[in-house]
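Number of protein chains: 2
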Amino acid sequence: MNTAIKDAAFNPRDCGSCPIRHRAVCSRCEPDELDRLDAIKYYRSYEAGQPVIWAGDHMEFVASVVSGIATLSQTMEDGRTQMVGLLLPSDFIGRPGRDLAPFDVVAVSDLTVCCFRKKPFEELMASTPSIGTRLLQMTLDELDSAREWMLVLGRKTAREKIASLLAILARRDVVLGKTPPTSGMSLDLPLTREAMADYLGLTLETVSRQISALKKAGVIILEGKRHVIIPDIEVLLAETGDDVDGGPLT
Amino acid sequence: MNTAIKDAAFNPRDCGSCPIRHRAVCSRCEPDELDRLDAIKYYRSYEAGQPVIWAGDHMEFVASVVSGIATLSQTMEDGRTQMVGLLLPSDFIGRPGRDLAPFDVVAVSDLTVCCFRKKPFEELMASTPSIGTRLLQMTLDELDSAREWMLVLGRKTAREKIASLLAILARRDVVLGKTPPTSGMSLDLPLTREAMADYLGLTLETVSRQISALKKAGVIILEGKRHVIIPDIEVLLAETGDDVDGGPLT
DNA sequence: CGTTGTCTTGAAAGTTGTCAATACTTGTGG
DNA sequence: CCACAAGTATTGACAACTTTCAAGACAACG
Numbered sequence: 167m168n169t170a171i172k173d174a175a176f177n178p179r180d181c182g183s184c185p186i187r188h189r190a191v192c193s194r195c196e197p198d199e200l201d202r203l204d205a206i207k208y209y210r211s212y213e214a215g216q217p218v219i220w221a222g223d224h225m226e227f228v229a230s231v232v233s234g235i236a237t238l239s240q241t242m243e244d245g246r247t248q249m250v251g252l253l254l255p256s257d258f259i260g261r262p263g264r265d266l267a268p269f270d271v272v273a274v275s276d277l278t279v280c281c282f283r284k285k286p287f288e289e290l291m292a293s294t295p296s297i298g299t300r301l302l303q304m305t306l307d308e309l310d311s312a313r314e315w316m317l318v319l320g321r322k323t324a325r326e327k328i329a330s331l332l333a334i335l336a337r338r339d340v341v342l343g344k345t346p347p348t349s350g351m352s353l354d355l356p357l358t359r360e361a362m363a364d365y366l367g368l369t370l371e372t373v374s375r376q377i378s379a380l381k382k383a384g385v386i387i388l389e390g391k392r393h394v395i396i397p398d399i400e401v402l403l404a405e406t407g408d409d410v411d412g413g414p415l416t
Numbered sequence: 167m168n169t170a171i172k173d174a175a176f177n178p179r180d181c182g183s184c185p186i187r188h189r190a191v192c193s194r195c196e197p198d199e200l201d202r203l204d205a206i207k208y209y210r211s212y213e214a215g216q217p218v219i220w221a222g223d224h225m226e227f228v229a230s231v232v233s234g235i236a237t238l239s240q241t242m243e244d245g246r247t248q249m250v251g252l253l254l255p256s257d258f259i260g261r262p263g264r265d266l267a268p269f270d271v272v273a274v275s276d277l278t279v280c281c282f283r284k285k286p287f288e289e290l291m292a293s294t295p296s297i298g299t300r301l302l303q304m305t306l307d308e309l310d311s312a313r314e315w316m317l318v319l320g321r322k323t324a325r326e327k328i329a330s331l332l333a334i335l336a337r338r339d340v341v342l343g344k345t346p347p348t349s350g351m352s353l354d355l356p357l358t359r360e361a362m363a364d365y366l367g368l369t370l371e372t373v374s375r376q377i378s379a380l381k382k383a384g385v386i387i388l389e390g391k392r393h394v395i396i397p398d399i400e401v402l403l404a405e406t407g408d409d410v411d412g413g414p415l416t
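Sequence order for the protein chains is D and R. Residues in the first sequence are numbered from 167 upward in steps of one, following this note's numbering. Residues in the second sequence are numbered from 167 upward in steps of one, following this note's numbering.
Structure follows, in structure tokens:
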């Protein structure tokens, strides 16, 4: 709750100071296009744990994640759930041209999103190629990572799954400049054991056991439950089962 | 091989008679736009089993599947492979704006594709909104189905996976008008047991056993190895583990 | 008619899930 | 300030499911 207020510290009316200005769906817009987007945008915040959208809901808006983390997931009748996406700042929520949400979206941390009413956004997109082009690029990237995740879900062992998740989180922190890709780097887990299990297609007990196993093997060091130190990044990458040619974390 | 020749029976220079004209990436093009696409297109055929692209290759073209079936898949160093897409007529291969292929593409039946050299296609896309718009729509659809498949891979049992695959194939035949969605409908499996296993994240032995189990339970009837009769479609859908509200095969 | 690729089935082993008990952390209220 | 409750995480024992290894059936093809 405090976080949400703090995160809204930039001027919510000024796209120029927006922290996701250069990566979100609007990143290719010219100043005049940005003005038109500005006219239909509004911010919305959710507390950690709150639902943003339920599968089957009518979507009245599309949105960009400004700060915080949300998950995209699917739940079966008997309660089994599978996460199908992790939404980080600059990621896009919703789909122009469809009005029923196919998946649940839940805030896992305090979350602020920049919403656009769907109808005006669709009209704007039709007249503004730079939005559609950027959205296509983002969607193709997401499709590639969904397909990479299918390999993890379908073919990797529990231990490889955990190592893969840690490697992904490490790579993301490096890309965002949070830490250099050195040995000895550390990272915070943004997810509970249960959320990790939902991401990886495992039970939370198996997640816990495999994290303990990686700790016992010296691949990672735990500080508390959520902070991980990686003594040797290459050792971690070797545990993912992936090809490691072409250098680490590229 | 005969198939490839037969499939090329329509005039390959006339987009008007193209069997995927109304569903492929070009489906929204006006006649003049089609002429420009026409100028950079060429057909290419592959025999069943042949590779179309290897992961890591430079992509010199993008393409639409005209006839036949191809798979998109990923292989680990030790040989474990996961299929991440099934490419059917009208599906798009390749990605504007990237020149290394992220996945292997293999023809599983005789295959004919309509290729566009990548550079000219990208230029044309920049000046022809109807292509980009259609490609965005197709990519969003593929992303949704990739995410649905993540639930299958991560959370379903072997039996549910087989039932889900059969349900998908049945739904596709209904949508294409090959058969009405009646009880007693039948379908041909376009994949070997091994390819099904790669799609479902199973071994081919488990695929075989679960097909036998569904047969023994009366959910399906086998005629030969590749032809399936579905006595009661709702019984099959119940085996998928999915919610079946809202009518079958919708 | 043998070869090859595909498919089925069995038995044993291994991995992961299930059920259960316990510990740790945090926040609330007495 | 302490006690308690709730949420989160760890660990053990056992069960269940899927894989692995192996043998053999079946069909297509030269």
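Where is the CB? At the ideal position from N, CA and C, for every residue including glycine.
Collapsed DSSP secondary structure at residue i in the structure displayed
| i | result |
| --- | --- |
| I132 of chain D | With chain D covering 167 to 416 only, the question about residue 132 of chain D has no answer from this structure. |
| A175 of chain D | Residue placement at A175 of chain D cannot be trusted, given a pLDDT of 49 that sits under 50; the coordinates are not used to answer. |
| L353 of chain D | strand |
| T323 of chain D | coil |
| G298 of chain R | helix |
| A363 of chain R | helix |
| N168 of chain D | At N168 of chain D the pLDDT is 40, less than 50, meaning the model places this residue with poor confidence and gives no usable figure here. |
| L266 of chain R | strand |
| L306 of chain D | helix |
| T372 of chain D | helix |
| L331 of chain R | helix |
| M242 of chain D | coil |
| A336 of chain D | helix |
| K382 of chain D | helix |
| C195 of chain R | coil |
| D411 of chain R | coil |
| L342 of chain R | coil |
| E180 of chain D | Checking the sequence shown, residue 180 of chain D turns out to be Asp, not Glu. Reduced to three states, the DSSP call for D180 of chain D is coil. |
| D223 of chain D | coil |
| D201 of chain R | helix |
Cross-strand partners of residue i (DSSP beta bridge)
| i | result |
| --- | --- |
| L277 of chain R | R:Y212 |
| P217 of chain D | D:V272 |
| A389 of chain R | According to the sequence as given, residue 389 of chain R is Glu; it is not Ala. R:H393, per the DSSP bridge assignment. |
| K207 of chain R | R:F282 |
| V424 of chain R | Because chain R here runs from 167 to 416, residue 424 of chain R falls outside it and cannot be looked at. |
| L253 of chain R | R:A236 |
| F424 of chain R | As displayed, chain R neither begins before 167 nor continues past 416, which places residue 424 of chain R out of reach and without an answer. |
| T247 of chain R | R:T241 |
C-beta contact flag for residue i and residue j at 8 Å
| i | j | result |
| --- | --- | --- |
| R325 of chain D | Q376 of chain D | yes |
| V394 of chain R | L388 of chain R | yes |
| A361 of chain D | T369 of chain D | no |
| S211 of chain D | L277 of chain D | yes |
| L238 of chain D | V250 of chain D | yes |
| V232 of chain R | F282 of chain R | no |
| L319 of chain D | M316 of chain R | yes |
| A190 of chain D | S230 of chain D | yes |
| R392 of chain D | L342 of chain D | no |
| T299 of chain D | L306 of chain R | no |
| R327 of chain D | L380 of chain D | One detail in the question is off: residue 327 of chain D reads as Lys in this sequence, not Arg. No. |
| S352 of chain D | I396 of chain D | yes |
| V385 of chain D | V373 of chain D | no |
| I149 of chain D | P346 of chain D | Since the first residue shown for chain D is 167 and the last is 416, residue 149 of chain D is missing from the structure and cannot be characterised. |
beta-carbon residue i near the ligand GDP non-hydrogen atom, thresh 7 Å
| i | result |
| --- | --- |
| T348 of chain R | By its list of ligands, the structure shown contains no ligand whatsoever, and the ligand GDP lies outside what it can speak to. |
The region 277–296 of chain D / the region 327–338 of chain D touching (three or more Cβ pairs under 8 Å): The region 277–296 of chain D, when compared against the region 327–338 of chain D, does not touch it at the 8 Å Cβ threshold.
Members of the region 253–273 of chain D near chain R, C-beta cut-off 9 Å: The residues in question are R261, P262, G263, R264, P268, F269.
Contact set between the region 279–312 of chain D and chain R, restricted to residues whose Cβ is under 7 Å from the partner: Under the 7 Å Cβ criterion, the region 279–312 of chain D contributes P295, G298, T299, L301, L302, Q303, T305, L306, E308, L309, D310, A312.
Proximal residues, the region 215–249 of chain R versus chain D, C-beta separation under 7 Å: Hits within the stretch, in order: Q240, M242, E243, R246, Q248.
Cβ pair count under 8 Å reaching 3, the region 268–276 of chain R against the region 212–219 of chain R: Note that the region 268–276 of chain R touches the region 212–219 of chain R; at least 3 beta-carbon pairs, one per stretch, sit closer than 8 Å.
Under 8 Å (Cβ pairs) to chain D, residues found in the region 388–405 of chain R: Cβ contacts with chain D: none found.
Sufficient close CB pairs (3 or more, under 8 Å) joining the region 244–264 of chain R to the region 248–262 of chain D: The region 244–264 of chain R vs the region 248–262 of chain D: no contact.
Residues within the region 316–331 of chain R neighbouring chain D, beta-carbon criterion of under 7 Å: Identification of residues in the region 316–331 of chain R having a C-beta nearer than 7 Å to some C-beta of chain D yields M316, L317, L319, G320, R321, given in sequence order.
Positions along the region 196–213 of chain R whose CB lies within less than 7 Å of some CB in chain D: Of all residues in the region 196–213 of chain R, none has a Cβ within less than 7 Å of some Cβ in chain D.
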